[in-house]
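Worksheet: the structure to be examined is printed underneath.
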Ligand code: HEM
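In this note's numbering, the protein residues as written are 122 to 463.
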């Protein structure tokens, strides 16, 4: 790799504060990607690569080795979409991170200079026809991994999880036609694949108004955009894979007597999500990039502690139950308020 070019893996991860208005809200909250500033900065990236690249890709490799069929699923994925979205992804990756990726569109070869592999893809069959490996700084991460197809190969190059949303043009019914999710937060991708927006979101507390506008949201996702949105909540650790049956026993245990020392081990988990529509294909490409911010780090930003406390106080009992915070919310707010004086 050219050592003169700064690598994105030397870049600190972005910091987002989606609770800054002091409210916990269950709403679409779509903003135009590339037009709307986030904390004063206009972002247009679909994919983000930063200091945690190795960690996220190591998690994806672990999922791949152990239970890929629980994380990568398809349902009535049309062959055209299977060809078009991967081509879009590869082009975007190379356009956004030319230091990391080269994309030979004619020959359909994507090379990753960090992970040290190249995949030649055939989008008609959806396969990786040739996979070759080269020396590279992170070559060990995927050394034993053979992608099962082109979508899987692309997933194994980015930090984002993603899903494809499909819409039937005759009935306007929508469904999830593909998911490649390695960092689900207390949900199982197998419960979501093939389902439409409302059932996918049924477990979410206070989501009745959101589900009532599902067709409007799907129309916007497919026909407008691209969009960005954020979701957030607390996390007891920064373990990446929280599929319900994965190993994270007891991390939502609530005593209600948690101490400052305990809270300092906790994280705010933020998801940066993007939506890119393909109106002529009745489909949208949805990305999810999770971030974990430790409360210890947040202590250097007292105003953010105050905003977080205010937002926590607006959670309904149903929202607290859904987020596993019924007994802990007040102790957390007290902690945040104690530390929100500059
Ligand atoms: C199209 C735009 C979308 C909007 C506006 C939206 C909105 C939301 C909101 C407001 C929540 C609650 C967040 C919270 O926990 O505070 C949520 C949760 C969730 N969303 Fe979405 N979402 C969208 C697309 C998707 C897609 C494409 C998927 C497919 C993977 C998805 C999967 C989920 C899941 C799994 C949850 C958590 C549900 C659970 O606990 O089982 N969402 N979404």
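The beta-carbon is built from N, C-alpha and C at its ideal position, and this holds for glycine as well.
Checking the 7 angstroms criterion, the Cβ of residue 308 is within range of a heavy atom belonging to the ligand HEM.
Cβ-Cβ distances below 7 angstroms link residue 434 to 454 in the same chain, with the five nearest sequence neighbours on each side left out; the list follows chain order. Pairing residue 304 with residue 282 gives a Cβ-Cβ distance under 8 angstroms. Residue 408 and residue 456 have their alpha carbons spaced roughly 33 angstroms apart. The closest CA to that of residue 268, considering only 320, 184, 139, 152, is found on 184.
A distance below 6 angstroms between beta-carbons, with the five flanking residues on each side excluded, links residue 299 to the following residues of its chain, in chain order: 195, 198, 285. Closer than 7 angstroms to some heavy atom of the ligand HEM: that describes the Cβ of residue 322. Its Cα nearest to that of residue 221, the residue 260 stands out among 314, 264, 260, 179. Secondary structure at residue 403: coil, using DSSP grouped into helix, strand and coil. In this structure residue 156 is in contact with residue 163, their Cβ atoms being roughly 7 angstroms apart against a cut-off of 8 angstroms.
Distance from residue 237 to residue 254 at the Cβ level is roughly 6 angstroms; contact confirmed, criterion being Cβ atoms closer than 8 angstroms. For the set 309, 344, 218, 291, the Cα lying nearest the Cα of residue 167 is the one of 218. The beta-carbon separation of residue 399 and residue 416, rounded to 40 angstroms, does not stay under the 8 angstroms limit for a contact. Per DSSP, the unbroken alpha helix (DSSP H) holding residue 418 starts and ends at 416–419. Collapsing the DSSP output to three states places residue 349 in a strand.
Rounded to the nearest angstrom, the Cβ distance from residue 207 to residue 252 is 15 angstroms, too far for a contact under 8 angstroms.
Proximity of the beta carbon of residue 198 to the ligand HEM is not indicated: no heavy atom of the ligand is located closer than 7 angstroms. In the DSSP assignment, residue 454 falls within the unbroken alpha helix (DSSP H) covering 450–459. At least one heavy atom of the ligand HEM lies closer than 7 angstroms to the C-beta of residue 354. For residue 279, the closest C-alpha among the options 301, 404, 293 is that of 301.
A Cβ-Cβ contact shorter than 8 angstroms links residue 443 with residue 325. Contact between the segment 422–432 and the segment 307–327 is absent: fewer than 3 CB-CB pairs across the two stretches fall below 8 angstroms. Within 10 angstroms of the beta-carbon of residue 392 lie 16 or more other beta-carbons, which makes it buried.
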